[in-house]
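*Asks:*
Residue numbers (my numbering): 197 to 418.
Structure follows, in structure tokens:
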């Protein structure tokens, strides 16, 4: 089970609306965002929730589901039958389990220092870590759950691999697309356009559902 969710991004007001910070933007839209009490530690901001709280939110999502909500192919509520998933959530036993959430404040290139510090303190294994990040190789509005594999030149993932000693961790990739020009650094550090923000707002709901699934089930089962 996933025990640590990492939202990659750069710290500072000047980065708040940039493509590289799409994971931090997404975090604010989560159905349990108001329950995350952030504290300064581990070279970043971290929060903790009982998995039972996440389970109850997932149950509510299931109970209120309809064909207009779960239309994204990345939502496990459509990959599997809604009834089956809701039954699994209802019957799951998450007693005494906690999920940690982390926003590194080391800047992107040193994100692994923050991830490693929290993971070491709470004895969380790399395979129990989910890193949410921007992805150049996916079009805007596209998301993907991925296990291990290449890092796609992402400096935050490189840092995580360097500190953890392995790339065997989970990722949710949020597509931002590649720029038409060659200035990739300038592109990821620039703000989303108005049209891109509309696309993001549309994908955040099914993306939240995907995250709920990942936190309620073993990702391998999705």
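From the three backbone atoms N, C-alpha and C, an ideal C-beta is built for every residue, glycine too. Computed from a prediction, not measured in an experiment: that's the story for all the values here.
Tell me the rounded alpha-carbon separation between residue 417 and residue 376.
*Replies:* Here residue 417 is taken as the residue at index 221 of the chain shown, counted from 1. Here residue 376 is taken as the residue at index 180 of the chain shown, counted from 1. Between residue 417 and residue 376, the C-alpha separation is close to 37 Å.
*Asks:* May I ask you to list the residues that DSSP assigns as paired with residue 237?
*Replies:* Here the question's residue 237 lines up with position 41 in the chain shown. Residue 237 is bridged to 240.
*Asks:* For residue 219, which residues from the same chain have a beta carbon less than 6 Å from its beta carbon, with the 5 sequence-adjacent residues on both sides left out?
*Replies:* Sequence index remark: in the chain shown, residue 219 carries index 23 (1-based). Here the set comprises 203, 204, 205, 328, 329.
*Asks:* So which of 408, 296, 211, 399 has the shortest CA-CA distance to residue 235?
*Replies:* Start at 1 with the first residue of the chain shown, and residue 235 comes out as number 39. Taking only the C-alpha atoms, the option nearest residue 235 is 296.
*Asks:* I'd like to confirm the pairing. Which residues does DSSP put opposite residue 316 in its beta bridges?
*Replies:* Translated into positions along the chain shown, residue 316 becomes position 120. Residue 316 pairs with nothing; no bridge assigned.
*Asks:* Nearest-angstrom Cα distance between residue 356 and residue 300?
*Replies:* Against the chain shown, residue 356 aligns to sequence position 160. Against the chain shown, residue 300 aligns to sequence position 104. In a straight line, the C-alpha of residue 356 is about 11 Å away from that of residue 300.
*Asks:* Hey, residue 302 and residue 293: beta-carbon distance below 8 Å or not?
*Replies:* As a working mapping, residue 302 is identified with position 106 in the chain shown. As a working mapping, residue 293 is identified with position 97 in the chain shown. Not in contact: residue 302 and residue 293 (Cβ atoms no closer than 8 Å).
*Asks:* Please identify the residue among 197, 210, 366 whose C-alpha is closest to the C-alpha of residue 388.
*Replies:* Counting from one through the chain shown, the residue named residue 388 turns up at place 192. That would be 210, whose Cα lies nearest to the Cα of residue 388.
*Asks:* Touching or not, the segment 363–375 and the segment 224–233, by the rule of three or more beta carbon pairs under 8 Å?
*Replies:* no
*Asks:* With three or more beta-carbon pairs closer than 8 Å as the criterion, would you say the segment 237–245 touches the segment 347–355?
*Replies:* Judged by Cβ distances under 8 Å, the segment 237–245 makes no contact with the segment 347–355, as fewer than three pairs qualify.
*Asks:* Going by C-alpha to C-alpha distance, which of 244, 245, 254, 213 sits closest to residue 432?
*Replies:* What is shown of the chain runs 197 to 418, which leaves residue 432 out entirely.
*Asks:* Which same chain residues, not among the five before or five after residue 233, have their C-beta less than 6 Å away from its C-beta?
*Replies:* The residue labelled residue 233 in the question sits at position 37 within the chain shown. Here the set comprises 243.
*Asks:* Indicate whether residue 334 and residue 366 have their beta-carbon atoms separated by less than 8 Å.
*Replies:* Here residue 334 is taken as the residue at index 138 of the chain shown, counted from 1. Here residue 366 is taken as the residue at index 170 of the chain shown, counted from 1. It is not a contact, given that the beta carbons lie outside the stated cut-off.
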